[in-house]
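Quick mapping for you: the protein sequence lines, in order, are chains P and H. Each residue of the first sequence is one higher than the one before, counting from 3 in our numbering. Each residue of the second sequence is one higher than the one before, counting from 413 in our numbering. Positions of the beta carbon are idealized from the N, C-alpha and C atoms, including for glycine. Written out below as structure tokens is the structure these notes cover.
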Amino acid sequence: MESIIKKALELQEVEYLDIRLEETTITQVVFNGNELENAGTVKKKGGCVRAYHKGNFGFATFNRVEEIEKAVKEAQRLAKLSEAKESEFTLLKPVKDVIRPKVKDDPRNHSLEEKVELARNYNEIILKGNDKIQSSNVKYEDRHVKIYFYSTEGTELDIERIYCGISFVSYARDGSNVQWAFNSFGDQRGFQTVLNHETDVEEVVKHSLDLLKAEKVEGGVYTVILDPRIAGTFIHEAFGHLSEADHMARNEKLKALMKPGTRFGPDFLNVIDDGSLEGERGYIGYDDEGVKARKTYLIKEGILVGRLHSRQTAALMGEEVTGNARALDFRFMPIVRMTNTYIDRGDKDFEELLEGIDKGLYVIGALGGQTELEMFTFSAERAYLIEKGKIGKMVRDVVLSGNVFETLKNIEAIGKDLTFHGGLGGCGKAGQSPLPVSTGSPHIRIKNVVIGGR
Amino acid sequence: MEKFIDILRKKGLEEFEVYLEETESHPVTFEQNELQSLESKVETGVGLRIIRDGRLGFSSTNDIDKPEEVVDFAIESSKFGEKVEFQFPEPQQYQSYQIFSNEGWPEKERIEIGRSFLEKLREFGSDIKIDMELVYARQRISIVNSKGLETHLERTRYFFGISGFTITESGFVWVYEQRGSAKPLTGLEDTLEKLIQKLELAKKVAKVKSGCMKVIFAPQALTCLLYPILMGVSGKLVAKKISPLTGKLDEKVLGENITILDDGTIPWHLGTVPFDCEGIPVSKKFLVEKGILRNYLLDLKTAAKLNLTPTGNAHRRYNTLPTPNINNLVLEPGHWTSNEMIRSLDYGIIVHSVIGAGQSNVIAGDFSVNIGLGFLVEKGEIVGRVKDTMVAGNVYDCFKKVYAISRDTETLGSYILPYVAFDGLSVTSKEQ
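In structure tokens form, the structure reads like this:
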């Protein structure tokens, strides 16, 4: 393999070339209600060539390794097709490295039978939960990814990653009222991540049934306590995406708003992206431009101090690369993405967060989030009313919205209990979804959050 | 293809389906007013479904030189597969539709279009940042099954997407326009004019008070309200009995003025095909006719489960199992013009885009979204942009409260949608 890639790189006629070769094997088990919808393995392999020349990228993918030289020629033709501009691309010293997964229990050592039985067991817990349980969805997935990355700088990387995870959904129905609850676990630690979740599944069943009885939240402005799951989604949407330098690299106005040194939050707020956190779902080791992943502070003590870069955005802005250029797979060019993004731990106990809230919400679990950089939303699986510092009854349909210039400053307190979450989903941007990431946070308290509702 | 069939036969498999997909896509991308990249992407893949001892097996590969392995994976998978209630279809009759153009779209021409747009933007003297995507793509699909069905199609896709971003006194503003067709695109210039128009309107902020009010959804924003209904008519959710529309065929489920069609036969439209991904002919049919539920979207599997006829709505990629989805979605236009709808509004909002679509309990029909780009209308005039404001409700309720539908429509991907005005939607903002 090595000699084929090296030979292809010798065709270089442009400033820079890189080649990625990937092979992915995915084993999936999916239960839908009482039916095993799919259990099996699929393989996907292919590669891509990226050429950079005088300000322009050319990119060509291929299915079969025999087509690699053709792809090099095509990528170079495309890069040279447009008129030359100034080159703005960070070249680095060559690196040779091998990254191997540090899984405790390799999912490939377990049979498909075992994976089916595991998922079936969780699925049965849901279906026998109650006569109001209408249906279920249980999904097991392990994914083995092998990547060779070579560049004309002389960088040679041999990377392997093993993802493993499980998700479960319980659908409860009472007449025309359909509610659902879910949970998921996923990372790069190994097969043990998907084991021993019987209690978690039982809780999901209970939550779906409780939601049938819960009232819709009343729209308004609330003080909220977010659990680590939804607080992680919050920081990913509220600040993570805005930190991606591709939005600002050629936009003077945005660059001015995002000037390092600008205050975005209180002194006790620290926000970090770290692609070198081994075991987490967003761990990469190296990004898809062959740049080593690292810990990047985005906000330190409330002040903006950093952002996420590709080789191109770093050059455009005259800053250091951060190892955040990622591609969903070989069919895509790498773009600036997050890895493991989190709010660092604070010093408050949960009770201290509750103190003094007259009317608020304790918001739990994340269904998703979306941002347009300034305004964003993130939605909760469920929430509980807080009245005079006490947690009360459950409410549903809680969708929170915020504004990056206000909401971060409205963070009133941060707990001690930093927790990461990966799951089976991921992040979407520019048609590349779902990219494996994790989010993390302790419990946090925010005031003046707009919540939609009746 | 033959290699796969030979091996399937050799392994003694009597019921099978081979789905071959060859895709090439050539995007030219501009980012923040600069040409960013030219790409050439090719992908060939095969998906196999087999029925063995009454159970379904599935696997896929894009390594078509190794058919043995994927057949073995499919056999392994069939040991666990669900009991199959459907059969692969016999050979079918298809009508021919206009889905392929020979013309191509040279890269140089697309670079030129992009450059001319940026030139116009400079003349306008704006500090808007524009991203553009100009894509030429083609796809070949072949389906062969053990019942003797053997069919092929080839289609082209021409796509233009443009988004504008600016920072004004009202904050960040995003606007987006798109055009897509199976034949070369014409008249792209007005997308830029539309973008600039909306950005101009967005400069001023207006404060809206929380409460129930009339809200007009422009076509782009309307997709977020149609999404729960499309889930509701999906055979997959109906078969699981978690769709609120389960068991409601021929019953009134939306207002009388609402008619929704799935029409996979519209010439040159992006969702048009002669047959679906299982070889079933595609047709034009009512999903909702004057408020009454007429059809679900069904593939072979969900049709068999519900004891209904497949509707030609199986969608898949080579590496996924088929699942029912819409071909072309049409919400029947009304009599108003969108301008008249705005002019007749005494106090309310017009919403052009939302943030957070699909994040509520969409199965139940709930939505609760942040207004990305929307304007307050007072006495028939747009007075300014609303911000940090949410609109919420349930689509099955609000499609009973539609008081106006426009006759002007927009084509968004495979959707053709008008402006729709709703009475009494719940709006929440920081202004109490």
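Output, in chain order, the set of chain P residues within a Cβ distance shorter than 8 Å of Ser838 (chain H).
-> Listed along chain P, the residues sitting closer than 8 Å to Ser838 (chain H) by beta-carbon distance are Gly221, Gly454, Gly455 and Arg456.
Closer than 9 Å, Cβ to Cβ, to anything on chain H: give me those residues from the region 180–214 of chain P, in chain order.
-> For the region 180–214 of chain P, which is checked against every Cβ of chain H, the residues closer than 9 Å are Val180, Gln181, Trp182 and Leu213.
DSSP three-state call for Ile476 (chain H): helix, strand or coil?
-> Correct three-state label for Ile476 (chain H): coil.
Nearest to Ala630 (chain H) by CA position, among H:Gly836, H:Tyr831, H:Leu837 and H:Ser838, is which residue?
-> Nearest C-alpha to Ala630 (chain H): H:Tyr831.
If you draw a straight line from the C-alpha of Glu4 (chain P) to the C-alpha of Arg313 (chain P), how long is it?
-> One C-alpha to the other measures close to 24 Å.
Where does Pro439 (chain H) sit, in a helix, a strand or coil, going by DSSP?
-> In the displayed model, Pro439 (chain H) falls within a strand according to three-state DSSP.
Under 9 Å between C-beta atoms of Glu652 (chain H) and Asn34 (chain P) | In the sequence under discussion, the amino acid at residue 652 (chain H) is Lys, which differs from the Glu named in the question. Yes, they are a contact pair.
What in chain P is Cβ-close to Thr473 (chain H), meaning under 8 Å?
-> In chain order: Val44, Lys45 and Lys46.
Using a beta-carbon distance below 9 Å, is Asn111 (chain P) in contact with chain H?
-> No - not a single Cβ of chain H is within 9 Å of the one on Asn111 (chain P).
Check whether the region 522–542 of chain H touches the region 719–737 of chain H, counting contact only when three or more Cβ pairs, one atom from each stretch, lie closer than 8 Å.
-> Using a Cβ-Cβ distance cut-off of 8 Å, the region 522–542 of chain H and the region 719–737 of chain H are not in contact, since fewer than three pairs of beta carbons, one from each stretch, lie closer than that value.
Since Phe170 (chain P) contacts Ile128 (chain P) with CB under 8 Å, what's their CB separation in whole angstroms?
-> About 7 Å separates the Cβ atoms of Phe170 (chain P) and Ile128 (chain P), confirming a contact at the 8 Å cut-off.
What is the C-beta distance between Tyr527 (chain P) and Asp20 (chain P), in whole angstroms, given that I count them as a contact (C-beta under 8 Å)?
-> Shown here, chain P extends from 3 to 456; a query on residue 527 (chain P) therefore has no answer.
For Asn773 (chain H), is the classification buried or exposed, using 16 other Cβ atoms within 10 angstroms of its Cβ as the cut-off for buried?
-> Answer is buried; the Cβ neighbour count reaches 16.
Rounded distance between the beta-carbons of Thr563 (chain H) and Phe687 (chain H), thought under 8 Å | Contact between Phe687 (chain H) and Thr563 (chain H) holds, with the beta-carbon distance rounding to 6 Å and staying under 8 Å.
Which parts of the region 381–409 of chain P are runs of the beta strand (DSSP E), unbroken and 3 residues or longer, counting only runs that do not cross its ends?
-> Within the region 381–409 of chain P, complete beta strand (DSSP E) segments of at least 3 residues are found at 392–398 and 401–405, given in chain order.
Which term fits His747 (chain H), buried or exposed, when burial requires 16 or more other beta carbons within 10 angstroms of its beta carbon?
-> If you draw a 10 Å sphere on the C-beta of His747 (chain H), you find fewer than 16 other C-beta atoms in it, and that means exposed.
Just list the beta strand (DSSP E) runs in the region 757–810 of chain H, keeping only unbroken ones of 3 residues or longer that don't cross its boundaries, in chain order.
-> With a minimum length of 3 residues, the continuous beta strand (DSSP E) runs that stay inside the region 757–810 of chain H are 759–767, 778–790, 793–797 and 801–806.
Residues near Lys415 (chain H) in its chain [Cβ-Cβ closer than 6 Å; skip 5 each side] | A distance below 6 Å between beta-carbons, with the five flanking residues on each side excluded, links Lys415 (chain H) to the following residues of its chain, in chain order: Pro479.
Assuming Val31 (chain P) and Val118 (chain P) form a contact by the criterion Cβ under 8 Å, report the distance between their Cβ atoms to the nearest whole angstrom.
-> Indeed, because the Cβ distance is near 5 Å, the residues count as touching under 8 Å.
CB Leu426 (chain P) to CB Lys141 (chain P), shorter than 9 Å?
-> Yes.
Does the beta-carbon of Arg534 (chain H) have 16 or more other beta-carbons within 10 angstroms, so that it is buried, or is it exposed?
-> When all chains shown are included, Arg534 (chain H) counts as exposed.
Using a beta-carbon distance below 9 Å, is Gly746 (chain H) in contact with chain P?
-> No, Gly746 (chain H) lies away from the interface with chain P (no Cβ there is under 9 Å from its Cβ).
Can you name the residues of chain H whose CB is closer than 9 Å to the CB of Arg132 (chain P)?
-> According to the sequence shown, residue 132 (chain P) is Asn rather than Arg. At a beta-carbon threshold of 9 Å, none of the residues of chain H lie near Asn132 (chain P); the nearest stands roughly 15 Å away.
His473 (chain H) versus Leu410 (chain P) - alpha carbon distance | A quick correction: the sequence has Thr, not His, at residue 473 (chain H). Pairing Thr473 (chain H) with Leu410 (chain P), the inter-Cα distance amounts to about 46 Å.
Starting from Thr315 (chain P), follow the alpha helix (DSSP H) in both directions and report where the run begins and ends.
-> Per DSSP, the continuous alpha helix (DSSP H) segment holding Thr315 (chain P) begins and ends at Arg313 to Met319.
Backbone secondary structure at His112 (chain P) - three-state DSSP | In the three-state reduction of the DSSP assignment, His112 (chain P) falls in the coil class.
Can you tell me which of H:Glu502, H:Arg464, H:Gly526 and H:Asp465 puts its alpha carbon nearest to the alpha carbon of Ser84 (chain P)?
-> The option with the nearest alpha carbon to Ser84 (chain P) is H:Gly526.
Comparing the CB of Lys104 (chain P) with every heavy atom of the ligand SAM, is any distance shorter than 8 Å?
-> Here there are no bound small molecules, and the ligand SAM is not part of this structure.
Who are Leu837 (chain H)'s beta bridge partners in DSSP?
-> Bridge partners of Leu837 (chain H): H:Met625.
Helix, strand or coil at Val439 (chain P) [DSSP, three-state] | Correct three-state label for Val439 (chain P): coil.
Give a yes or no on whether the minimum CB-CB distance between Asp800 (chain H) and chain P is below 9 Å.
-> Taking Cβ atoms only, chain P reaches closer than 9 Å to Asp800 (chain H), which makes this a yes.
Answer yes if the region 660–680 of chain H comes into contact with the region 480–498 of chain H, meaning at least three C-beta pairs across the two stretches below 8 Å, and no otherwise.
-> Here the region 480–498 of chain H makes no contact with the region 660–680 of chain H; the two share fewer than three CB pairs at distances below 8 Å.
Could you tell me whether the Cβ of Asp144 (chain P) comes closer than 9 Å to any Cβ of chain H?
-> Chain H, which has no Cβ nearer than 9 Å to the Cβ of Asp144 (chain P), makes this no.
Residues of chain P with CB under 7 Å from Asp778 (chain H), in chain order?
-> Result: Asp399.
Flag Ser137 (chain P) as yes if its beta-carbon sits less than 9 Å from any beta-carbon of chain H, otherwise no.
-> Yes, its Cβ sits closer than 9 Å to a Cβ of chain H.
By a C-beta neighbour count over all protein chains shown, 10 Å radius and 16 as the cutoff for buried, is Thr435 (chain P) buried or exposed?
-> A quick correction: the sequence has Ser, not Thr, at residue 435 (chain P). Flag for Ser435 (chain P) reads exposed.
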